[in-house]
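A.B. asks: Have a look at this one before I ask anything.
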Amino acid sequence: MVTVVRHSQIRGLMAMDGTTILELGEIEAVWLDNAGHVAYLSGREGYFSLDQVADISQQTLSTCGRLVVETPDNLQLLHELRVQSFWGDMLGWVDDFLFDWHTGEIAAYVLAGRSVEPLGEHAVFYPKDVEELAPDYLRLKENAYEDLRPESEGLEGFFSEEPQPGQSRVGLMRHRLYPLLLPQDGPDVVQVKVTAASDELVASGEHHSSPLQAATALLHNHWERLLHNLGRSGQRAKVALALARQHLLGRSQT
Numbered sequence: 005m006v007t008v009v010r011h012s013q014i015r016g017l018m019a020m021d022g023t024t025i026l027e028l029g030e031i032e033a034v035w036l037d038n039a040g041h042v043a044y045l046s047g048r049e050g051y052f053s054l055d056q057v058a059d060i061s062q063q064t065l066s067t068c069g070r071l072v073v074e075t076p077d078n079l080q081l082l083h084e085l086r087v088q089s090f091w092g093d094m095l096g097w098v099d100d101f102l103f104d105w106h107t108g109e110i111a112a113y114v115l116a117g118r119s120v121e122p123l124g125e126h127a128v129f130y131p132k133d134v135e136e137l138a139p140d141y142l143r144l145k146e147n148a149y150e151d152l153r154p155e156s157e158g159l160e161g162f163f164s165e166e167p168q169p170g171q172s173r174v175g176l177m178r179h180r181l182y183p184l185l186l187p188q189d190g191p192d193v194v195q196v197k198v199t200a201a202s203d204e205l206v207a208s209g210e211h212h213s214s215p216l217q218a219a220t221a222l223l224h225n226h227w228e229r230l231l232h233n234l235g236r237s238g239q240r241a242k243v244a245l246a247l248a249r250q251h252l253l254g255r256s257q258t
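Set out below in structure tokens:
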């Protein structure tokens, strides 16, 4: 999934209002809702919902819509939350986590603490391993501790773990592809368009071929997700355009 990011990759990014190009400050916290999904991000200027996120690069996070000044109800932090075994024994804490910034779904949890030292500095578990998520702890299912995996093994294949050159090339190709892709495109058509976009970038002479080849292979394998993201990005673009129009009309009337 090419929209999976780490919490640690989001914190510290500069948030920017995509309709006014104003900087909103750095992202300081990522918040979950009652269902355990990422729902809000926050910084010094306030809160904005995950649905307002238009795009994420390695330097900035682009948003659309108004910030919420007051804290939304029923939110909780996942970062540094205590992790318990099924029997209530303290295992450590959530040092990081991966989530899909289009849907808010958690993809993986990164556990730190002395109990995971045999596996390395961190261990990984998944949403299927969670018995209970409470405001002050996360409890694993009965046999989940035995299924913990070393970080390098447990996060293998996630887009957030791709080398930065590969991630940036995927983002570049994604922006080139969105105007070309149609919702009714099948896998063969999508893959042809992905290859064509890659060939254009190679022909420009401005990009190394190795990261582009890796990005092309990744997008070939995730063509369905690419089309799904196209639909969501289109919806968010319409929202951003409507908000920009409202902003301009409001200014013209003052």
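So the sequence shown is numbered by the numbering used here: it starts at 5 and just counts up by one. Beta carbons are placed, not taken as given, at the ideal position from N, Cα and C, and that holds for glycine. Predicted, not measured: the structure shown is a model, and the values here were computed from it.
Output needed for Leu185: all residues of its chain with C-beta closer than 8 Å, excluding positions within five of it in sequence on either side, in chain order.
C.D. replies: Cβ within range, chain order: Val194, Lys197, Leu230, Leu231, Leu234.
A.B. asks: Measuring straight from C-alpha to C-alpha, what distance separates Tyr149 and Leu95?
C.D. replies: Distance between the alpha carbons of Tyr149 and Leu95 is about 9 Å.
A.B. asks: In chain order, which alpha helix (DSSP H) runs of at least 4 residues are fully inside the region 122-180?
C.D. replies: You should have 155-158.
A.B. asks: Which one of Ala33, Arg15, Glu135 has the shortest CA to CA distance from Ser89?
C.D. replies: Among Ala33, Arg15, Glu135, the Cα nearest to that of Ser89 belongs to Glu135.
A.B. asks: By the DSSP assignment, the alpha helix (DSSP H) with Asp203 in it spans what residues?
C.D. replies: Residues 191-208.
A.B. asks: In chain order, what residues of the same chain have a beta carbon less than 7 Å from the beta carbon of Glu84, not counting five sequence neighbours either side?
C.D. replies: So the qualifying residues of the chain are Trp97, Val98.
A.B. asks: The beta strand (DSSP E) that contains Gln88, what's its start and end?
C.D. replies: From DSSP, the beta strand (DSSP E) with Gln88 extends over 86-88.
A.B. asks: May I have the straight-line CA-CA distance separating Gln168 from Arg143, to the nearest angstrom?
C.D. replies: The straight-line gap from Cα to Cα measures roughly 33 Å.
A.B. asks: Measure from the alpha carbon of Asp21 to the alpha carbon of each residue in Ile60, Leu115, Gly190, then state which is nearest.
C.D. replies: When each option's Cα is compared against that of Asp21, the closest is Ile60.
A.B. asks: At the level of alpha carbons, what is the spacing between Tyr44 and Leu54?
C.D. replies: Roughly 5 Å between the two C-alpha positions.
A.B. asks: Would you list, in sequence order, the uninterrupted alpha helix (DSSP H) runs of no fewer than 4 residues that lie entirely inside the region 19-75?
C.D. replies: Those alpha helix (DSSP H) runs which fall completely within the region 19-75 and span 4+ residues do not exist here.
A.B. asks: On the premise that Pro154 lies in contact with Leu123, defined as a C-beta separation below 8 Å, what is that separation, rounded to the nearest angstrom?
C.D. replies: Leu123 to Pro154, Cβ: 5 Å. Contact.
A.B. asks: So who's on the other strand from Ile110, going by DSSP bridges?
C.D. replies: Bridge partners of Ile110: Phe103.
A.B. asks: Please list, in chain order, all residues of the same chain as Ser172 whose beta carbon is under 8 Å from its beta carbon, the five residues on each side excluded.
C.D. replies: Only Ser61, Gln62, Pro215 meet the Cβ criterion.
A.B. asks: Pick helix, strand or coil for Arg118, following the three-state DSSP scheme.
C.D. replies: DSSP places Arg118 in helix when its eight states are reduced to three.
A.B. asks: Can you tell me whether Arg15 is helix, strand or coil according to DSSP?
C.D. replies: Arg15: coil per DSSP, three-state reduction.
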